[in-house]
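Worksheet: the structure to be examined is printed underneath.
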Amino acid sequence: VTRELKLVAPTLRSELTVAAAVLVLLVIVIIALIVLVIIWKQKPRYEIRWRVIESISPDGHEYIYVDPMQLPYDSRWEFPRDGLVLGRILGSGAFGKVVEGTAYGLSRSQPVMKV
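The letter at position 40 of the sequence shown is residue 45 when you use my numbering, and the numbering goes up by one with no holes.
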């Protein structure tokens with residue numbers, strides 16, 4: 006049994022078909038990347054998933070973790086940023102910097118208060 010293998014030169018139509026298929030795939034990939042970037046930018050970078058958890062460490066200390074979103078909100082504790090002037094750095098450590106500040110208009114009895 007002999008079989009002949011006949012090579013056919015690519016025609017313009019087959020080349021256009023391959024080029025169109027590659028172009029369609031490229032467009033699909035670009036659209037998918039754009040959609041992924043839009044979704045990634047809309048989603049928050051992190052989510053707070055704290056709950057009220059009570060635990061006792063091996064050294065006997067008791068810890069309570071609280072979700073800040075579950076705490077009650079009281080607008081009386083809010084203070085405008087333009088009423089606070091930050092001063093010199095008093096110290097720094099593992100949790101950041103401690104800065105001296107002056108609060109203007111915090112209370113009626115003391116219009117200027119160091120905080």
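No residue lacks a Cβ here, since even glycine has one placed at the ideal position from N, Cα and C.
Please state whether DSSP places residue i in a helix, a strand or coil.
i, result
"V57", "The pLDDT assigned to V57 is 49, lower than 50, so where the model puts this residue is not dependable; a value taken from the coordinates is nonetheless given after this. It is coil, neither helix nor strand."
"V120", "coil"
What residue does the alpha helix (DSSP H) around residue i start on, and which one ends it?
i, result
"V40", "17–47"
Could you check which residue in the options has the C-alpha nearest to that of residue i?
i, options, result
"G106", "R113, I94, D72", "I94"
"R86", "L21, S114, A108", "A108"
"E83", "T22, R18, S112", "S112"
At what residues does the beta strand (DSSP E) containing residue i begin and finish?
i, result
"E67", "67–70"
"E83", "No beta strand (DSSP E) holds E83; DSSP gives it neither H nor E."
"K11", "Where K11 is concerned, there is no enclosing beta strand (DSSP E), given that its DSSP letter is neither H nor E."
"G98", "89–98"
"V103", "101–109"
"M74", "Looking at the DSSP string, M74 is not in any beta strand (DSSP E), and its letter there is neither H nor E."
I think residue i touches residue j, with their Cβ atoms under 8 Å apart; what is that distance to the nearest whole Å?
i, j, result
"V103", "G92", "Not confirmed; about 11 Å, so no contact."
"G96", "G110", "Contact flag wrong, Cβ pair sits at about 27 Å."
Please decide whether residue i counts as near chain D, where near means a Cβ-Cβ distance under 7 Å.
i, result
"L38", "In the displayed structure, chain D is absent; only one protein chain is listed."
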